[in-house]
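Numbering (this note's numbering), first residue to last: 2 to 119.
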């Protein structure tokens with residue numbers, strides 16, 4: 002599975018960005034797909050994911066601000082980010098997970114930089 006992330010950039014606090022992750026496979030065939038982020042000097046952390054049934058899970062620090070969605074016709078997952086804060090500054094990575102033979106397989110995109118600064 003190949004993942005291509007896009008949509009990052011520089012935005013002021015309180016602003017919005019929409020990230021997109023285009024998958025090389027139909028997103029309905031991916032068990033879980035979503036976004037993680039990694040700030041400088043920090044560990045990579047979950048932001049929001051969506052499973053093949055459309056169920057979502059997101060970190061507490063983004064609830065009410067970020068929304069994950071999926072366009073199956075385009076094999077693309079989106080992360081709409083509103084009310085951005087300086088602490089949201091990080092590289093955002095798209096991740097897809099497949100379960101098979103009792104093992105989870107992880108696939109990562111190249112990452113897109115999000116910088117929130119005035």
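C-beta atoms are modelled at their ideal positions from N, C-alpha and C, and glycine is treated no differently.
Assign residue i to one of two classes, buried (16 or more other C-beta atoms within 10 Å of its C-beta) or exposed (fewer than that).
i	result
residue 84	exposed
residue 87	exposed
residue 63	buried
residue 76	buried
residue 31	buried
Alpha carbon to alpha carbon, what distance is there between residue j and residue i?
i	j	result
residue 95	residue 89	16 Å
residue 58	residue 72	17 Å
residue 12	residue 67	15 Å
residue 27	residue 65	28 Å
Would residue i and residue j be called neighbours here (beta carbons separated by less than 7 Å)?
i	j	result
residue 114	residue 92	yes
residue 105	residue 98	yes
residue 40	residue 22	no
residue 37	residue 29	no
Just reading off the beta strand (DSSP E) that residue i is part of, what are its end residues?
i	result
residue 89	Neither: residue 89 is in no beta strand (DSSP E) and is coded neither H nor E.
residue 46	46-52
residue 77	77-82
residue 113	113-117
residue 62	Per DSSP, residue 62 belongs to no beta strand (DSSP E) and is neither H nor E.
residue 5	4-7
residue 19	18-24
residue 107	104-109
residue 35	33-39
Take residue i and list the residues in its own chain whose beta-carbon comes closer than 6 Å to its own, dropping the five residues that flank it on each side.
i	result
residue 50	33, 35, 58
residue 3	25
Sorted by chain position, which residues of the same chain lie with C-beta nearer than 8 Å to residue i's C-beta, five sequence neighbours on each side aside?
i	result
residue 19	8, 79, 80, 81, 82
Below 7 Å CB to CB, which residues in the same chain sit around residue i once its five sequence neighbours on both sides are set aside?
i	result
residue 14	85, 86, 87, 117, 119
residue 16	85
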